[in-house]
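In the UniProt record's numbering, the protein residues as written are 1 to 189.
Rendered as structure tokens:
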């Protein structure tokens, strides 16, 4: 890289800009891929995230949280043991720090419902009890994540959410007007 010229990097910058502009379509393609993942549930992983997003929308959530609910399990295929952090890293540049925190921690908070069957501690999330986003993550898991395995729920198709995905992932990354102050910093202020 040290031998690159200004012209080389201007060209690469233009090519990268065009590639980044296609991010919403790659997100939608990755979501479609969830139709053929982890079996054993009454709905596919795609149906689960569509149902989570539908429930968030039905509850009157804003577009950031609806899209977050849609992509929250996007990491299941490639990062099964840290899928929450994977999904959060994808959405973090485009949403508020609060939404990013909820997605990053939802896997740990979701353990509340089942980890005792594997000898784990369902109350591990309590270490975040004083965090400003604690209740928001509890609500995310209770209302939209753990509840979204119902094959009879009126779930909207991916096409319904595509314009939202387009808007969120076309934002200027790390825009301070959008991401705001980190929740940990809010607690110290």
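Glycine included, each C-beta is placed from N, C-alpha and C at the ideal position.
Option nearest residue i by Cα separation, candidates the options
i, options, result
"residue 65", "151, 82 and 136", "136"
"residue 110", "91, 131, 130 and 148", "148"
"residue 143", "93, 48 and 173", "48"
"residue 94", "181, 172 and 9", "172"
"residue 59", "140, 158, 176 and 179", "140"
"residue 122", "108, 17 and 10", "108"
"residue 167", "27, 12 and 181", "27"
"residue 176", "92, 130, 8 and 18", "92"
"residue 155", "57, 8 and 17", "57"
"residue 180", "118, 126, 98 and 117", "98"
Own chain, CB closer than 6 Å to residue i, minus 5 neighbours either side, in chain order
i, result
"residue 153", "51"
"residue 32", "none"
Where residue i sits in the DSSP three-state scheme
i, result
"residue 54", "helix"
"residue 186", "Residue confidence is low: residue 186 scores 49 on pLDDT, short of 50, so the model does not pin down where it sits. No coordinate-derived value is stated."
"residue 36", "helix"
"residue 133", "coil"
"residue 23", "helix"
"residue 123", "coil"
"residue 73", "coil"
"residue 156", "coil"
"residue 45", "helix"
"residue 151", "coil"
"residue 1", "coil"
"residue 111", "helix"
"residue 81", "coil"
"residue 172", "coil"
Close Cβ partners of residue i (< 8 Å) along its chain, the five nearest in sequence each way excluded
i, result
"residue 161", "50, 53, 66, 67 and 70"
"residue 76", "34, 37, 38, 45 and 83"
"residue 55", "69, 143, 144, 147, 148 and 153"
"residue 150", "42, 43 and 51"
"residue 158", "28, 31, 32, 46 and 50"
Sequence-distant residues of the same chain with beta carbon closer than 7 Å to residue i, five excluded per side
i, result
"residue 164", "63, 66 and 67"
"residue 146", "110 and 113"
"residue 186", "Low per-residue confidence applies at residue 186: pLDDT is 49, beneath 50, and the placement is therefore not dependable enough to give any value."
Whole-angstrom C-beta distance between residue j and residue i, which should lie under 8 Å
i, j, result
"residue 105", "residue 128", "7 Å"
"residue 88", "residue 100", "5 Å"
"residue 174", "residue 24", "Going by Cβ atoms, the distance from residue 174 to residue 24 rounds to 17 Å, so no, they are not a contact pair."
"residue 103", "residue 72", "5 Å"
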